[in-house]
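These notes concern the structure reproduced below.
Numbering (our numbering), first residue to last: 747 to 1019.
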């Protein structure tokens, strides 16, 4: 009898943006094994219809599988929405900006029309989940990040603006870096992952598909918002993208210190790529 030994896989999952149906269909299609690892690249919330449902699902998924959750700019804005504003003007500014960029759908999923009600309605488990998201995740062969990465800097030297707000059009590939950088944030309108040198972007939800990149086997799994699935053999060469205007909120040194990169627990599992 010939035995088949499966190598543990690592998947990088692109921006979800509240699309629970696509997320559940995608995860179901992966046929996950015990030693597989899921690295979520951020922007779990906003824009789509069920951000609350997405966080419920991810919290439950972490109980069953090895997961890494990276903070995107939309989680950053959501956390600001959870903070008590200093004054009414700051509150109105935050709500206007967040709602304009998809936060209104998130508020609705929590049965709220404003940030004050949202702060009352959000479960403690969701708040804790958001606070525990990491800045980036680095291995011997890959860097996983929401937006951008400076290859000439260490993890601790990376700038928050780059990590969460740099678009692929602004990124400079660095083959000499020796690692593949996997990111989201830059929306690929045709629904296909894009490659730019040693950088691969898997933010495809605005093109109708949610992507999981199996970096172990170099295969892309996708699910659409109706739950249909497909596989893609390779990423396309980057040539075009669509993105929202860049905006970076001012934060205090105390907030920035809380947001320093940390390595997730490996749960006694060895990373394989």
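For glycine and all other residues, C-beta sits at the position ideal for the given N, C-alpha and C.
When the Cα of residue 850 is compared with those of 911, 971 and 791, which residue comes out closest?
Counting from one through the chain shown, the residue named residue 850 turns up at place 104. Sorting 911, 971 and 791 by C-alpha distance to the C-alpha of residue 850 places 791 at the top.
Please report how far the alpha carbon of residue 823 lies from the alpha carbon of residue 856, in whole angstroms.
The sequence position of residue 823 within the chain shown is 77, counting from 1. The sequence position of residue 856 within the chain shown is 110, counting from 1. So the alpha carbons of these two residues sit roughly 16 Å apart.
Output needed for residue 879: all residues of its chain with C-beta closer than 7 Å, excluding positions within five of it in sequence on either side, in chain order.
By 1-based counting over the chain shown, the position of residue 879 is 133. Closer than 7 Å at the Cβ level, and outside the excluded window around residue 879, lie 815, 816, 817 and 821.
May I ask you to report which of helix, strand or coil DSSP gives residue 992?
For the purposes of this step, residue 992 is identified with residue 246 of the chain shown, where counting begins at 1. Interpretation of residue 992 is limited by its pLDDT of 41, a score under 50 that renders its predicted location unreliable; no figure is taken from the coordinates.
Using the Cβ count rule (16 or more neighbours within 10 Å means buried), how would you classify residue 797?
The residue given as residue 797 occupies position 51 in the chain shown. Answer is buried; the Cβ neighbour count reaches 16.
When burial is assigned at 16 or more other CB atoms within 10 Å of the CB, is residue 915 buried or exposed?
If you number the chain shown from 1, residue 915 lands on position 169. Exposed, since its Cβ has fewer than 16 Cβ neighbours within 10 Å.
Span of the alpha helix (DSSP H) around residue 843
Here residue 843 is taken as the residue at index 97 of the chain shown, counted from 1. 834 to 844 is the span of the alpha helix (DSSP H), which, as asked, contains residue 843.
Measure the CB-CB distance between residue 811 and residue 772 and report whether it falls below 8 Å.
Along the chain shown, read from residue 1 onward, the residue named residue 811 stands at position 65. Along the chain shown, read from residue 1 onward, the residue named residue 772 stands at position 26. Pairing residue 811 with residue 772 gives a Cβ-Cβ distance that is not under 8 Å.
Check whether the Cβ atoms of residue 787 and residue 929 lie closer than 8 Å to each other.
Against the chain shown, residue 787 aligns to sequence position 41. Against the chain shown, residue 929 aligns to sequence position 183. Result yes, Cβ atoms of residue 787 and residue 929 sit closer than 8 Å.
To the nearest angstrom, how far is it from the Cα of residue 762 to the Cα of residue 980?
Looking up residue 762 in the chain shown gives position 16. Looking up residue 980 in the chain shown gives position 234. Take the alpha-carbon of residue 762 and the one of residue 980: they are about 20 Å apart.
Kindly list the residues whose CB is nearer than 6 Å to the CB of residue 959, restricted to its own chain and excluding five residues on each side of it in sequence; keep chain order.
In the chain shown, residue 959 corresponds to position 213, counting from 1. Around residue 959: 758, 948 and 966.
Going by alpha carbons, who is nearest to residue 937 out of 955, 922, 892 and 927?
Here residue 937 refers to the residue found at position 191 of the chain shown. Closest option to residue 937, judged by alpha-carbon separation, among 955, 922, 892 and 927: 955.
Kindly indicate the opening and closing residues of the beta strand (DSSP E) around residue 783.
The residue given as residue 783 occupies position 37 in the chain shown. Element bounds for residue 783: 783 to 786.
Outcome for residue 924 when other beta-carbon atoms lying within 10 angstroms are tallied against a minimum of 16:
For the purposes of this step, residue 924 is identified with residue 178 of the chain shown, where counting begins at 1. Counting of Cβ neighbours within 10 angstroms places residue 924 among the exposed residues, the total staying below 16.
Measure the C-alpha to C-alpha separation of residue 940 and residue 789 and round it to an integer number of angstroms.
Taking the chain shown and counting its residues from 1, one reaches residue 940 at position 194. Taking the chain shown and counting its residues from 1, one reaches residue 789 at position 43. Spanning the two alpha carbons is a distance of roughly 18 Å.
Would you give the residue range spanned by the alpha helix (DSSP H) that residue 803 belongs to?
On the chain shown, position 57 is the one that residue 803 refers to. Counting along the chain, the alpha helix (DSSP H) containing residue 803 begins and ends at 797 to 810.
C-alpha distance - residue 863 paired with residue 854, whole-angstrom precision
Sequence index remark: in the chain shown, residue 863 carries index 117 (1-based). Sequence index remark: in the chain shown, residue 854 carries index 108 (1-based). Straight-line Cα distance between these residues: approximately 10 Å.
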